[in-house]
Structure formats: C-alpha cells, structure tokens
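Contents: one structure, followed by commentary.
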Amino acid sequence: MNFRLFFMLVLFFGLTVQSCVKTEFDEPEFDFADPDLTVSTSIAALKATHTIGTIEALTDGIISGIVVANDKSGNYYQTLVIADETGGIEIRIDKRSLFNVFPVGRKVFVKLAGLVMSDNNNLIQIGYMSNEDGVVPIPNEYVEDHIIGGSINHPVNSDTLTISQVKDGYMSTLITLKDVQFVEEDLGKTYADGTFKVTTNRTLEDCNGKLILLRTSGYASFANATVPEGKGTITVVLSKYRDDYQLYLRDTTDIKFTGERCGGSNPGDPKFDKDFEDGSLTSGGWTNKNVVGSDKWHAYSFSGDNFARITNYSNSVNNACDAWLISPQVDLSTFTNPALSFRTACNYTGPDLEIYISKTYDGSSLPQVGQWTELAAPLSSGTWTWVPSGEVDLKQFANDKVYIAFRYQGTTSNGKTWEVDDIKIVNGSGSGTGETIFSDGFDANLNKWNAFSVKGTQVWVYEPNYGNPKGCAKMSGYTTLNNENEDWLISPAINLVGATDAVLTFETAKNYSGNVLELYYSDQYTGTGDPTVVNWTKATPSLSTGTFTWTPSGNMSLNAFLGKSVYFAFKYTSTSSASSTWELDNVKVVVIK
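Residues are numbered in my numbering as their position in the sequence shown, beginning at 1, plus a constant of 527.
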C-alpha cells in the first residue's frame, strides 16, 4: 500500500473517532429529569391564601407548574408564567434570556420558603420581596435556590373562551379567545411602538361588541408588526391591571385571524340615551362618518367606563381628519322643554370638539348634505377631566325631527383626543349650564396644591404612571416599614361668589391597610401655613375600599360656602403599625351661576 495513502487513512479514522468522542462532552449541562421534590400545594390553593393589597412572606412549601410563557419574544421581561391544572401565577426573576433555561413546556418546581407573594395592581406574583411598585424579582444569585427546572416538552394547553367567559380563575394561564378581531380603529396599526419602545394597548372585540385589551411591550420582537385585519382565534396569557383584563401575546404565531370580519353588535331600537355601556359605537342607530382622513370615532373602555373616543394621532404623527358621530333621528315634539346633555374629556393640544344639530340631514349620507347649526356647550379643558355640559337648550327646534352630531377636525400639526359619554335629550329644567371653575387631572405635577406635612417624613407626591388614566397625587406612610404621618393636600381658594350651586367631585384609589383618607372644607384658611390652626368641616365622600380600584366621590355639595371663597383639603394619616397608600385624581369643581 502506498505509505502516504495509508497515513491519510489512519489520520482520517483517528479524527473521526476523536470527533465522535468529543460529541459526548458537548451535550447540554442541564438535567431534564424531575428533581426529587414533593409538591405540597397547588397554584390555586397558594393564591387563595393571598389577600389583595397585602404581602405574604412564604415560609415553606413547594409548587410546580409548566412554563406557559417566558421572555423569548420580549413581551415579558424577567418573568416566567407557570400553570398547573388548577391555575397559573407569575414568577419574577432577575435574569435575562430565561427561555434558554426554562422553555415553554418545561416543568418547574418552586421552593417557596424565603420568597414573598404579593400583587401588582391585582395581579398576584411571586418574588423575592415587594414594594409599592409590585414584586421585586428574585436576585440572580438566589434563583437556583428557589427555581428548579424539571422535565421538558410537556404539552401546553389552553382553554377556549369567548370574551364574556373571561374571569379571574383563568389569570396567568393560557387561554384561546375565539371569534374575535381587532377593532376597526386599530386596523393598519402596529402592536406597539418598537422604535421608541412604547408599550401599547390594542383592543379586540367580538361580534357582540364585547371588548378586551391586548397589551404589547415596545421591546417585543413583533412590536412593529401590523395587526391582522381578519377574525379568528388568539392564544394569549390572561393578565389584569386593576379592574381591567389584559392579554399578553407570546408571539404572532399564536394569532390566526383568517376569517371574515364581523360588523360588531347589531343596532338596537333607536333611542336618545347613549352611554356606550354595551361597548358599541353604533347601537341604537348611531353612525360614524369620515369626511376627511381615515381616523374615526370608536368605542373605548377604561376602568369600567365605556365611552366614545376620537383621536387623529397614530404611529407618532398627527393626521388631518374630519370625523362625525351622528345620532339617530329624534322627534323633539315629544319633549316639552328639550335639552341636550353629555359629558366630555380631552387631552393634548388641538381643535375643540364641535356639537351640531340638523333638521335637514337624511340620516345616511355624508353630513355635508344637511344644514347644521352649531350648539354652544361647556367642554373639557384637558387633563382627561370629565366635564358635564349642563343642559343645552334645544327649544328653538322643539317641533322638529333632528339629528345631533359630534364633530372633530384634526390637523397634521396638532390634535386633541376627545371622549364623549352619557349623551341624552331630556325635558330640561331651565337651570342653566355648569361651569368648571377648578380641575386637576395631575398630568404633570402638584403645582396647583399646597402639600403641608404636619408629622412624618413622607409627603404627598406626584405619581406619573398610575393615575386614571395618567398621573395622580399619591401619599403613603410606608418606606421599608410603616411610619407615623399626618399630611394635607390643600386646594387653592375656590371662589363661589355669584354661584347658585357648587359641586366638588374627584376619584380615589387605595391599597393596603390603614386609615381612611379624609376630606375637609374651610373658609378660614388663608392658603399658606399649618392647616391645623383653623377650623375645618369634615365631609363624607365615597372612597376607594382597596385593590387600587378607582372610585368616584359622588357629588360633594359646596353650597354651604356659596358667596365665599373656600378651600378643600385631603388629610392623610398613618401609624407605625398601618400605612395605606392613597391616590387622588380628576378633581374638579363645577358651579351654576
């Protein structure tokens, strides 16, 4: 045999054997067998021991579940979602690329001793500790002490539901919603803003007009993908923010919208009492017309309140638009003293909402075919503050059949977002329209207020993220531990001279155990200094009872101070044993003169 050939053959077989041997050392380090651990409780049983608004230090026990979601697509961050046959829960972990170690379908065992269970805006989570912003992730150096991976490739199943069937029992589990579609005003938009990393809500609807939010992180790999236009199924993890259900998509492969779109809910019998509580913009015979642009009015839901909304801002630009929301025809001859009433809220800079009435419109064409008369009414001045219109007199149309329209004209240079709700025609009282003389939605700071601390180091602060819907005023006596505090948030002087009726309204949200927030009035306070040196009258508003649920105060009469200047104040107290967190938003005073 040729010696060179013999040498090359020996070398080839030697390298082949060496390569085969080396392969054994390249096998993954992970042990995919279940550990020798005994599960002591189910996820549902563990969650049942939690009281919303509290923090439980876990002292013993083991739970187990299958990974149903992780951080692979970027829509979750530092979070595993695991579920067993009873329920699901989020586990917060201070580690990136969790999907490499804990892929979907892997069984996970959690040693609970040394961890805590708490909730972030009503969503129960497990972590290392908790603060007012939620559960703190388990530090990387302690992960292996608490989170133990087991066998892989377990099937991950989902329950198939309608929107109406969604409930808390499915929280942090995988569900599949059937016969849903993105609302018309979200078509053509992306899931989120992946360029500027802005987390975004889109809205899904079913064919009965039921709505639910889909929330997508700006860091998700599919953030800049356009939402599909059809109807079908979507598999998601169910989550919650306070009272609102939210859905988290793991990846766009979980959405199959290949069917023909439905038209939403069917119009009901025409009436003139539109509160949008059915989730439909067009029920009752209302129509949505575009004269310029593609931006339309749409039904919107926030914190349990449904209303109509219009904006000409999308994908980081303003668009020219001329959008009309038009009522069904209403016969004013059936009213003895017809008056229109509604309420509005808005934010940002741009044109005002316009309200019109017509007795020549045909009910179906573009609005230019009719002659319209503009109606004057008080409108919101911004900061998402809801402002009632009062009674808009319609007596000059008392014998006519008319249409009412809400028109918004946006430009390419600016644009407000407008919201309208509770549209009615009633027999008016002739009492006149309400005027908002003070409002604060806390969208930037507490500059309108005097925050005075009588006791303690904690003070009223501006909270930019957790208001209703943007910022709010916030006070808590808890910093690492409970502290004794007395802190006042005092309004500017409210001038009620010339008013015949005056009402204060606001909203509160509360969590954790502690003293009730108190409301006081005074016509003796001077606007500066210690409020405890003058007399105050205590009032009894409706207040939040917990779980950060936003609660309207109801109408608080200020009529005892008509003809004077009055201050109102919110007094917070806490002790060394109990410190609740209180949030305040959407404060306004409306008067009739």
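Every residue gets a Cβ at the ideal spot worked out from N, C-alpha and C, and that includes glycine.
Helix, strand or coil for residue 497, going by three-state DSSP, please let me know.
The question about residue 497 has no answer here: the residues shown for the chain are numbered 528 through 1120.
So the candidates are 1074, 654 and 703; which of them puts its Cα closest to the Cα of residue 1036?
Considering only alpha carbons, the answer is 1074.
Give me the Cα-Cα distance between residue 705 and residue 802, rounded to the nearest whole angstrom.
Distance from the CA of residue 705 to the CA of residue 802, rounded to the nearest whole angstrom, comes to 27 Å.
In the segment 566-637, which residue ranges form an unbroken alpha helix (DSSP H) of at least 4 residues, counting only runs that do not cross its ends?
Those alpha helix (DSSP H) runs which fall completely within the segment 566-637 and span 4+ residues are 570-575.
Would you identify the three-state DSSP class for residue 1117, choosing helix, strand or coil?
DSSP places residue 1117 in strand when its eight states are reduced to three.
Alpha carbon of residue 477 to alpha carbon of residue 1028, nearest angstrom
A question about residue 477 goes unanswered here, because the residues of the chain that appear run from 528 up to 1120.
Complete beta strand (DSSP E) runs within the segment 734-787 (minimum length 3 residues, chain order):
Qualifying beta strand (DSSP E) stretches, in chain order: 738-743, 758-768, 771-776 and 782-786.
Less than 7 Å between C-beta atoms, sequence neighbours within five positions excluded: which residues of the same chain meet that for residue 1090?
These residues qualify, in order along the chain: 1023 and 1024.
Which residues DSSP lists as bridging residue 825, in chain order
In DSSP, residue 825 forms a bridge with 836.
Mind checking which residues open and close the alpha helix (DSSP H) that includes residue 670?
Taken as a continuous stretch (DSSP letters only), the alpha helix (DSSP H) holding residue 670 covers 670-673.
Backbone secondary structure at residue 1110 - three-state DSSP:
Residue 1110 falls in the strand class under three-state DSSP.
Considering only C-alpha positions, which residue in the set 920, 718, 584 and 1107 is nearest to residue 905?
Nearest of 920, 718, 584 and 1107 to residue 905, Cα basis: 920.
Pair within 8 Å by beta-carbon distance, residue 1045 and residue 1065:
Yes. Within cutoff.
With a 10 Å radius around its C-beta and 16 neighbouring C-beta atoms as the bar for buried, classify residue 540 as buried or exposed.
At residue 540 the pLDDT is 41, less than 50, meaning the model places this residue with poor confidence; the figure from the coordinates comes in the next sentence. Here residue 540 is exposed, its C-beta having fewer than 16 other C-beta atoms within 10 Å.
Taking only runs that begin and end inside the segment 983-1039, name each unbroken beta strand (DSSP E) of 3 or more residues, in chain order.
Counting only runs that start and end inside the segment 983-1039, the beta strand (DSSP E) elements of at least 3 residues fall at 988-990, 999-1003, 1012-1017 and 1028-1038.
Using DSSP bridges, identify the partner residues of residue 1092.
Per DSSP, the beta-bridge partners of residue 1092 are 1022.
Hey, residue 634 and residue 591 are a contact pair by Cβ (cut 8 Å); roughly how many whole angstroms apart?
Contact holds; Cβ gap of about 6 Å.
Give the C-beta separation of residue 1152 and residue 823 to the nearest angstrom, bearing in mind that I take them to be a contact with Cβ-Cβ under 8 Å.
Nothing can be reported for residue 1152: it is not among the residues displayed for the chain, which extend from 528 to 1120.
Name the residue from 1005, 762, 1100 and 811 whose alpha carbon lies nearest to the alpha carbon of residue 688.
If we check each option's Cα against that of residue 688, 762 comes out closest.
Measuring alpha carbon to alpha carbon, tell me which of 947, 934, 1017 and 1103 ends up nearest residue 1010.
Minimum Cα distance to residue 1010 is reached at 1103.
Cα-Cα separation, residue 747 to residue 601:
About 4 Å.
For residue 752, which residues of its own chain have a beta-carbon under 7 Å away from its beta-carbon, when the five flanking residues on both sides are left out?
Only 717, 718 and 779 meet the Cβ criterion.
What is the DSSP secondary structure of residue 541, reduced to helix, strand or coil?
A caution first: residue 541 carries a pLDDT of 45, below 50, which makes its placement in the model too unreliable to give a value.
Which of the three DSSP states, helix, strand or coil, is assigned to residue 831?
Residue state, collapsed to three classes: coil.
Tell me, which residues are paired with residue 933 by DSSP?
Per DSSP, 852 and 882.
Spatial distance of residue 953 from residue 1088 (CA atoms)
Straight-line Cα distance between these residues: approximately 30 Å.
Short check: CB of residue 703 to CB of residue 765, under 8 Å?
No, these two residues do not count as a Cβ contact at 8 Å.
Here's the rule: buried if 16 or more other CB atoms are within 10 angstroms of the residue's CB, otherwise exposed. What is residue 724?
Under this definition residue 724 is an exposed residue.
Euclidean distance between Cα positions of residue 736 and residue 814:
Their backbone Cα atoms lie some 15 Å apart in a straight line.
Quick one: what's residue 965 bridged to in DSSP?
Residue 965 is bridged to 1116.
Is DSSP giving residue 679 helix, strand or coil here?
In the three-state DSSP reduction, residue 679 falls in the coil class, being neither helix nor strand.
Do you know offhand how far residue 1115's Cα is from residue 872's?
Looking at the two C-alpha atoms, the distance is approximately 12 Å.
Quick check on residue 691: does DSSP put it in helix, strand or coil?
In the three-state reduction of the DSSP assignment, residue 691 falls in the helix class, which pools H, G and I.
DSSP puts residue 1045 in a beta bridge; with which residues?
According to DSSP, which records beta bridges pairwise, residue 1045 is partnered with 1098.
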